[in-house]
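Everything on this sheet refers to the single structure shown next.
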Amino acid sequence: MAQRKENIVMFPLMAQGHIIPFLALALHLENTNRYTITFVNTPSNLKKLKSSLPQNSSIHLREIPFDGIAHDLPPCTENTDSLPFHLFPNFFESTLSFKPHFRKLINGLFDEQNGHKPVCIIADMFFAWSAEIAQECGIFNTLFVGGGSFGFACFYSLWLNLPHRDSDEFLLPDFPEASRIHVTQMTKFLRLADGSDSLSVFFQKVLPQWMNADGILFNTIEEVDKIGLMYFSRKLGRPVWPVGPLLLSTGSRAGAGKEYGISTELCKNWLDTKPCNSVIYVSFGSQNTIAASQMMQLAMTLEACGKNFIWVVKPPLGFDMNSEFRANEWLPEGFEERIKDSGQGLVVQKWAPQVEILSHKSISAFLSHCGWNSVLEALSHGVPIIGWPLAAEQFYDSKLLEEVIGVCVEVSRGMNCENAVRNEEKFKGSSVKAMEQFLDAALMMKKAQKEED
Ligand code: UDP
């Protein structure tokens with residue numbers, strides 16, 4: 001008789017940068033043939049995901065109710081895709097409302113599976129409250145941080161030890177190395193935080209709850225990201241498993257459920273016409289954009305430097321990210337026609353097949369906001385990074401990539417594009433052992449409980 005597969009419940013925050021690595025982890029676990037996956041999210045995110053899961057996938061998608069309007073979010077907001085910057089605190093706070101629904105969902109799974117409980121809950125780093133529900137039900141639980149451990153160690157430490165406002169540099173008190181953070185590496189939210197603002201209250205409540213998890217999974221690789229792993233292992237006294245790099249395969253890129261502004265084929269055909277290592281790819285991820293003046297400068301710089309490029313453009317800061325891109329207003333006059341006629345560049349609106357682009361032999365460098373998925377995708381394909389961090393832990397990712405790993409040069413946190421790439425090291429890594437260890441821990445807990453019962 002075939003052995004019953006154990007069920008794993010996964011619940012990411014509703015943001016592309018979180019859903020993508022969760023999906024990559026879900027597909028990885030499903031492919032081991034030992035687990036079934038229950039993937040929890042809000043209705044519209046699951047609808048997008050459903051249309052793009054690989055055909056042979058039997059991941060169960062489970063809806064959880066969400067009422068953004070109750071948290072002063074614009075109607076129909078179910079993810080961060082076009083969320084204005086100032087509403088992020090409301091968005092984070094709104095996720096606390098999932099708790100009773102998640103409890104109900106987990107208890108419902110027991111009934112559906114004839115009393116068999118899931119072997120593990122893997123929740124987003126924002127949902128550390130899920131440990132309480134897992135413990136009530138005797139289920140092993142981990143958090144999954146889709147980002148790098150160094151970036152999140154800085155982020156964690158800064159929110160729990162708010163920086164002094166009177167200084168340009170801040171020394172992270174509980175950090176072993178590379179511990180100086182400059183004021184320009186802090187987001188506006190952090191610079192203004194005084195402990196009583198809504199984000200401080202949120203993070204100071206949520207981050208210490210990481211200690212309640214049975215362990216933390218990071219989408220990272222021990223060989224390049226040791227400092228952060230050590231930080232969390234000491235700080236939390238919990239196992240920390242670097243199970244990365246978890247990436248969606250090129251075929252399943254639509255997994256994020258986004259529509260491309262250009263077909264993969266057109267993009268590939270254009271890249272095929274360019275020499276090896278000759279094209280710069282420019283993209284700032286799924287939810288960040290730059291100011292209109294920066295966009296104008298960047299366009300002029302790209303054109304003037306004469307290098308080939310693909311640039312994914314989004315409306316600049318202050319405009320609805322889902323609105324039409326107004327090239328005549330936000331780019332230099334005649335820019336698009338000139339670069340199209342000369343063949344120098346390709347401007348893609350909204351969303352590009354990023355992994356296909358990065359895996360193409362004609363790509364030479366990636367001008368990136370240093371979101372961790374982008375970082376892993378670039379490094380897995382041996383593409384060096386030109387860093388332009390814009391928000392959150394991206395500043396610390398860029399610091400790690402430049403100062404510790406040496407595969408990036410940061411050119412801007414504002415408007416300073418004078419530096420040049422100085423290091424093109426490549427790396428590849430795998431974390432099979434960490435993945436095995438975490439699964440063994442979950443299985444052991446379930447076995448021990450069965451024996452008790
Ligand atoms: N992405 C993409 N096409 C785009 C922009 C982004 O496929 O035009 C994908 C990218 O490959 C990555 C994710 O969206 O997997 C962005 O995640 P990241 O952590 O880099 O940044 P975030 O969006 O969370 O800031």
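Sequential numbering of the sequence shown, starting at 1, is according to UniProt numbering.
We treat Cβ as the ideally placed atom computed from N, Cα and C, and that holds for glycine.
In this text, all values refer to a predicted model and were calculated from it rather than measured experimentally.
Query raised in the report: Grouping DSSP H, G and I as helix and E and B as strand, with all else coil, what is W159?
Result: helix
Requested in this report: Say yes only if the C-beta of S362 is nearer than 8 Å to one or more non-hydrogen atoms of the ligand UDP, and no if none qualify.
Outcome: Not so, every heavy atom of the ligand UDP lies at least 8 Å from the Cβ.
**Report entry** Closest residue to I385 among A392, K399 and L13 (Cα-Cα distance)
**Finding:** For I385, the nearest C-alpha among the options comes from K399.
Query raised in the report: Using the beta-carbon count (16 or more within 10 Å), is D72 buried or exposed?
Result: Classified as exposed, D72 has fewer than 16 neighbouring CB atoms from the shown chains inside 10 Å of its CB.
Report task. Using 8 Å as the cut-off, classify the Cβ of N79 as near or not near the heavy atoms of the ligand UDP, replying yes or no. Result -> no
Report task. Within 10 angstroms of the Cβ of C276, are there 16 or more other Cβ atoms? Answer buried if so, exposed if not. Result -> Residue burial annotation: C276 is exposed, with fewer than 16 other C-beta atoms found within 10 angstroms of its C-beta.
**Report entry** Distance cut-off 8 Å: W270 Cβ against heavy atoms of the ligand UDP
**Finding:** Annotation for W270 indicates a beta carbon at 8 Å or more from all heavy atoms of the ligand UDP.
Query raised in the report: R338 to I405, Cα distance in whole Å?
Result: 38 Å
Query raised in the report: Per DSSP, which one or two residues make a beta bridge with I37?
Result: I8
Report task. Decide if H360 is buried, meaning its Cβ has at least 16 other Cβ atoms within 10 Å, or exposed. Result -> buried
Query raised in the report: Where does R62 sit, in a helix, a strand or coil, going by DSSP?
Result: strand
Report task. Reducing DSSP to helix, strand and coil, say where N141 ends up. Result -> The three-state secondary structure of N141, taken from DSSP, is strand.
**Report entry** P89 vs L158 beta-carbon contact at 9 Å
**Finding:** no
Query raised in the report: Are the segment 238-248 and the segment 167-183 touching, with three or more C-beta to C-beta distances below 8 Å?
Result: No, they do not touch.
Query raised in the report: Unbroken alpha helix (DSSP H) runs of length 4 or more, entirely within the segment 223-297: which are they?
Result: 226-236 and 264-272
Query raised in the report: Does the distance from the C-beta atom of F39 to that of R4 stay below 9 Å?
Result: no
Query raised in the report: Within the present structure, is the beta-carbon of H28 separated from the nearest heavy atom of the ligand UDP by less than 8 Å?
Result: no
Query raised in the report: Is K350 near the ligand UDP, in the sense that its beta carbon is under 8 Å from a heavy atom of that ligand?
Result: The nearest non-hydrogen atom of the ligand UDP is less than 8 Å from the C-beta of K350.
Query raised in the report: Do H381 and the ligand UDP come close, with the Cβ less than 8 Å from some heavy atom?
Result: no
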